[in-house]
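Everything on this sheet refers to the single structure shown next.
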Amino acid sequence: MIDSRNRRTFLREAGLGALAATVLRSKEAAAQTAVPNSVGTESPRLKAPANACDCHHHIYDAERFPPGPFGGTYQSNARVQEYRLFQKRIGTTRNIIVTPGPYVEDNRVTTDAIAQLGPNARGVASFRPGISDAQLKAMTEAGVVGLRFSQSPPTATTTLDQIEPLAKRVADYGWHLQIYMPGDMIAATEDLWNRLPMPLVFDHMGHLPQPQGINHPAFTVLRRLIDKGRTWVKLSGAYIDTKVGPPAYADTTKVAQAFAKAAPERMVWGSDWPHPGLPFDNKPNDALLFDLLSEWVRNETDRHRILVENPEMLYGFKKGA
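To convert a position in the sequence shown, counted from 1, into the working numbering, add 835.
Shown next, in the form of structure tokens:
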């Protein structure tokens, strides 16, 4: 039989236990965030450090900025408001918006997204030789810091012979050059990369074809460029060249590990959300993709460098801000 004093103690402890359970359930619920164009709702096991940067994603907003009739696949539910759900789930707070293929050289969707996301956002634009100096100046003031050359049909923006003249123009604004092209083409144009006057950033681990991976000539070319001190590689797009597939992407994981081991000071990470290269019914789990960094980069200090310090240097974020 419980006396009155013990009864009060029992009720108090029971109440505290119920409160603790409620708080736990609330935390668990808060950790579940559904994000369009992404499978699952759980948070990554790997905790993103303060000021972690997603260095490669896209924004699509057809209602406000209809893409032209250029080809490519438009992604729905990929506006700024949906990307903020992605940030909440993954834990990143800085981001680099890359103008997606269907917009070709219309960069308004990117500059508008930078304005919405504020000082933690930067942009990488895409355009052709007809760009004016006034447009370049306006984009620089809007937060654009790089020019992307894509050789991915049907929305390839430039031909190889246009790269060098455009690169020299944007170098005057302090921009870098971002390259997305097949590994075979990267290897065949090493002389071009050596001639360009600004930092170079290669998308999606250099787009090395599998199963060659690090045995492909492009890996050797990229290593030589990295060693010269002005080339960066994005650890992103694990699913783009894989022949193995999820969840481990073992073949592209070997590529990421090789790059990160060789030069962690020249690596950045990107989500590639909303994953435009994948079908609408086959999007990846972004929490698992972020957790791959634990396999790609085993050293916590190097992971912090890749997520925070390297983007600060490459994209001009203020340290600690």
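Ideal Cβ positions, reconstructed from N, Cα and C, are used throughout, including at glycine.
Predicted, not measured: the structure shown is a model, and the values here were computed from it.
Rounded to whole angstroms, what's the CA-CA distance from aspartate 1121 to glutamate 898? Just pull it up for me. 26 Å
Would you mind sorting arginine 924 into buried or exposed? The rule is 16 or more other CB atoms within 10 Å of its CB. buried
Between the C-alpha atoms of glutamate 1147 and glycine 1105, what's the straight-line distance to the nearest angstrom? 14 Å
Just the C-alpha distance for phenylalanine 1035 and proline 904, rounded to the nearest angstrom, thanks. Checking the sequence shown, residue 1035 turns out to be leucine, not phenylalanine. Their Cα atoms are separated by approximately 30 Å.
By the 10 Å Cβ neighbour count, where 16 or more other Cβ atoms means buried, how is leucine 952 classified, buried or exposed? buried
Using only the alpha-carbon positions, how far apart do aspartate 941 and alanine 956 sit? 18 Å
Based on Cα-Cα distance, which residue from Thr975, Ile1014, Gly1018, Leu1070 lies nearest to aspartate 1007? Thr975
Three-state secondary structure (DSSP) at phenylalanine 900? coil
Do asparagine 930 and aspartate 889 have their CB atoms nearer than 8 Å? yes
Contacting residues, own chain, Cβ-Cβ under 7 Å from arginine 1058 (five flanking each side not counted): Ala1097
Collapsed DSSP secondary structure at serine 1129 in the structure displayed: helix
Which of helix, strand or coil DSSP assigns to valine 1079: coil
On the three-state DSSP scale, how would you describe alanine 948? helix
Taking the C-alpha atoms as reference points, what is the distance between phenylalanine 962 and alanine 1002? 11 Å
Going by the beta-carbon positions, is the gap between histidine 891 and aspartate 1076 smaller than 8 Å? no
Aspartate 1086 CB to nearest chain D CB: under 8 Å? Of the protein chains in the structure, only one exists, and it is not chain D.
Do you know whose CA, among Thr946, Ile1021, Arg914, lies nearest alanine 1053's CA? Ile1021
N- and C-terminal bounds of the alpha helix (DSSP H) containing glycine 969: Checking the sequence shown, residue 969 turns out to be alanine, not glycine. Unbroken alpha helix (DSSP H) run through alanine 969: 968-977.
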